[in-house]
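One structure below.
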């Protein structure tokens with residue numbers, strides 16, 4: 590078992606719902622216990638918009654030009670509609686959106702229950718949680734710095750026009766990327 594190979598893989602996102610709906614009895618399915626192979630980069634035939642690297646400069650996933658978000662095992666995490674600023678799960682369930690504010694440089698990210706997850710400051714290239722604390726800052730090179738100043742990773746191919754897409758990815762599809770408290774696998 591290599592614990593490090595699991596570290597950069599984002600979990601499957603499940604949308605929040607207002608009212609619990611009774612779920613139908615699941616039909617027995619054959620379980621596929623085989624874990625997909627850990628990739629070192631996006632597939633060569635993929636139309637890549639952004640390549641995502643983790644804090645150790647290891648491949649974490651990519652966002653395609655169509656807005657599909659994949660992890661480092663080639664598994665679909667969800668979708669981002671780049672034109673209208675919405676995000677959905679791999680099962681195409683609505684996860685949330687980015688809403689431009691009437692004035693200023695702020696964009697609010699809301700979840701499926703229309704509750705604020707956080708805000709984006711387009712002028713500073715930063716993302717704040719719903720308490721107003723900065724949780725991530727972007728450099729021109731796409732390097733993401735966390736709350737305590739540590740490098741969380743990098744978005745290769747990033748420009749500031751894509752900040753809404755990055756915020757939707759980080760807040761709704763891969764919130765584990767923002768975890769500042771991960772210990773290095775290289776330390777003993």
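In my numbering, the protein residues as written are 590 to 777. For glycine and all other residues, C-beta sits at the position ideal for the given N, C-alpha and C. Here the structure is a predicted model, which means the values were calculated and not measured.
By alpha-carbon positions, which one of the options ends up nearest to residue i?
{"i": "residue 740", "options": "768, 692 and 691", "result": "768"}
{"i": "residue 779", "options": "715, 731, 629 and 728", "result": "As displayed, the chain neither begins before 590 nor continues past 777, which places residue 779 out of reach and without an answer."}
{"i": "residue 672", "options": "749, 753 and 764", "result": "753"}
{"i": "residue 747", "options": "714, 690 and 676", "result": "714"}
Closer than 7 Å by C-beta to residue i: which residues in its own chain qualify, once you throw out the five before and the five after it? Chain order, please.
{"i": "residue 742", "result": "641, 642, 643, 644, 649, 733 and 766"}
{"i": "residue 711", "result": "694, 696 and 752"}
{"i": "residue 656", "result": "668, 669, 670 and 671"}
{"i": "residue 770", "result": "none"}
Please report the straight-line C-alpha distance between residue i and residue j, rounded to a whole angstrom.
{"i": "residue 658", "j": "residue 665", "result": "6 Å"}
{"i": "residue 762", "j": "residue 724", "result": "16 Å"}
{"i": "residue 718", "j": "residue 680", "result": "26 Å"}
{"i": "residue 563", "j": "residue 693", "result": "The question about residue 563 has no answer, for the chain in this structure spans 590 to 777."}
{"i": "residue 624", "j": "residue 758", "result": "23 Å"}
{"i": "residue 737", "j": "residue 626", "result": "33 Å"}
{"i": "residue 728", "j": "residue 735", "result": "12 Å"}
{"i": "residue 726", "j": "residue 674", "result": "20 Å"}
{"i": "residue 764", "j": "residue 663", "result": "18 Å"}
{"i": "residue 634", "j": "residue 691", "result": "40 Å"}
With a threshold of 8 Å on Cβ separation, who are the neighbours of residue i within its own chain once the five nearest residues in sequence on each side are excluded?
{"i": "residue 654", "result": "636, 637 and 638"}
{"i": "residue 745", "result": "639, 640, 641, 642 and 731"}
{"i": "residue 705", "result": "697, 698, 699 and 719"}
{"i": "residue 756", "result": "687, 696, 698, 707, 709 and 716"}
{"i": "residue 749", "result": "711, 714, 727 and 729"}
Please classify residue i as buried or exposed, where buried requires at least 16 neighbouring CB atoms within 10 angstroms.
{"i": "residue 632", "result": "exposed"}
{"i": "residue 709", "result": "buried"}
{"i": "residue 721", "result": "exposed"}
{"i": "residue 677", "result": "buried"}
Once the 5 residues before and after residue i are set aside, which same chain residues still bring their CB inside 6 Å of it?
{"i": "residue 760", "result": "698, 706 and 707"}
{"i": "residue 689", "result": "696"}
Does the distance between the C-beta of residue i and the nearest non-hydrogen atom of the ligand SAH fall short of 7 Å?
{"i": "residue 751", "result": "Ligands displayed in this structure: none; no statement on the ligand SAH is therefore possible."}
Unbroken stretches of the beta strand (DSSP E), 3 residues or longer, contained in the segment 618-645: 637-643
Ranges of the beta strand (DSSP E) found wholly within the segment 648-702, counting only runs of at least 3: 648-653, 657-660, 665-670, 675-678, 683-689 and 695-700
Minimum length 3: unbroken beta strand (DSSP E) runs contained in the segment 697-744: 705-710, 715-718, 723-727 and 732-735
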